[in-house]
Ligand code: IPD
Ligand code: CA
């Protein structure tokens with residue numbers, strides 16, 4: 399399964415990379431969310447490979463919805479996480495693929511072709527960036543931490559994210575929105591940043607990244623501190639050391 403998932407992510411990633419800076423917008427959904435040709439091509443590559451190899455597994459893809467099956471296995475797929483970055487020429491976008499067993503993430507691949515970064519994790523076996531083991535940072539101080547945030551597509555989630563930003567900006571070393579949830583989770587796993595917060599997170603955006611963070615020694619929960627699960631809406635993932643400070647902050651939002 400490991401090699402299969404990595405190969406499919408790479409295959410889709412290479413196709414996207416070919417179109418990077420030379421793609422077209424196919425449609426605009428939910429006001430500000432664009433879909434490019436690259437999103438659809440990557441979706442086709444991943445979905446057809448999964449259907450062929452695991453015909454009985456469920457598949458949940460941002461671009462093609464849910465393939466229902468009677469199975470404990472579900473693949474959560476974001477063909478391009480960070481489409482707006484991809485469209486404006488920023489390399490911070492990735493193919494994100496995760497496998498859930500009974501609603502728990504057990505395998506994760508996040509592949510960022512334009513950054514030449516491939517993150518991989520398997521439950522109980524650690525997290526890796528380009529084959530090297532990664533760990534979350536050892537930082538214990540919120541006021542010395544770098545934080546990022548994203549938001550779901552509803553107006554309510556955007557407003558909540560803005561509220562988080564205006565407050566946390568002054569309590570951290572710096573905070574910013576990078577535009578690719580899966581990569582931002584990868585950054586936490588690799589110890590580059592200390593945390594990412596997302597009001598209204600989608601499973602396909604965060605499934606893989608959450609396993610990366612957990613396997614790198616970090617923590618992922620909802621905004622009340624309950625371990626993140628498939629049905630959680632909000633998500634905060636951190637190096638674990640500043641998690642309680644973050645929950646105390648988020649409880650007031
Ligand atoms: C988006 C990115 C972004 C987050 C949005 C997601 P997409 O993914 O992860 O950072 O703020 O909620 O939808 O739409 O580019 O796959
Ligand atoms: Ca996407």
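Residue numbers (my numbering): 399 to 651. We put the beta carbon where it would ideally sit given N, CA and C, even for glycine. Source: prediction; values computed, not measured.
Measure the alpha-carbon distance for residue i versus residue j and round it to whole angstroms.
i: residue 569; j: residue 477; result: 34 Å
i: residue 401; j: residue 528; result: 14 Å
i: residue 625; j: residue 604; result: 14 Å
i: residue 454; j: residue 407; result: 20 Å
i: residue 651; j: residue 582; result: 21 Å
i: residue 592; j: residue 426; result: 33 Å
i: residue 621; j: residue 580; result: 18 Å
i: residue 501; j: residue 557; result: 29 Å
What did DSSP end up calling residue i once you bin it into helix, strand or coil?
i: residue 401; result: helix
i: residue 493; result: strand
i: residue 463; result: strand
i: residue 430; result: coil
i: residue 473; result: strand
i: residue 483; result: helix
i: residue 651; result: coil
At a cut-off of 7 Å, is residue i close to ligand 1 when judged by its beta-carbon and the heavy atoms of the ligand?
i: residue 441; result: no
i: residue 551; result: yes
i: residue 577; result: yes
i: residue 538; result: no
i: residue 478; result: yes
i: residue 603; result: yes
i: residue 431; result: yes
From the options, pick the residue whose C-alpha is nearest to that of residue i; which is it?
i: residue 561; options: 619, 434 and 648; result: 648
i: residue 452; options: 460, 602, 641 and 466; result: 466
Within the 8 Å Cβ cut-off, does residue i reach chain C?
i: residue 649; result: Given the protein chain composition of this structure (a single chain), no chain C is represented.
Assuming residue i contacts residue j under a Cβ cut-off of 8 Å, what Cβ separation, rounded to an integer in Å, is found between them?
i: residue 444; j: residue 413; result: Residue 444 to residue 413, Cβ: 10 Å. No contact.
Hey, would you say the C-beta of residue i is under 7 Å away from at least one heavy atom of ligand 2?
i: residue 481; result: yes
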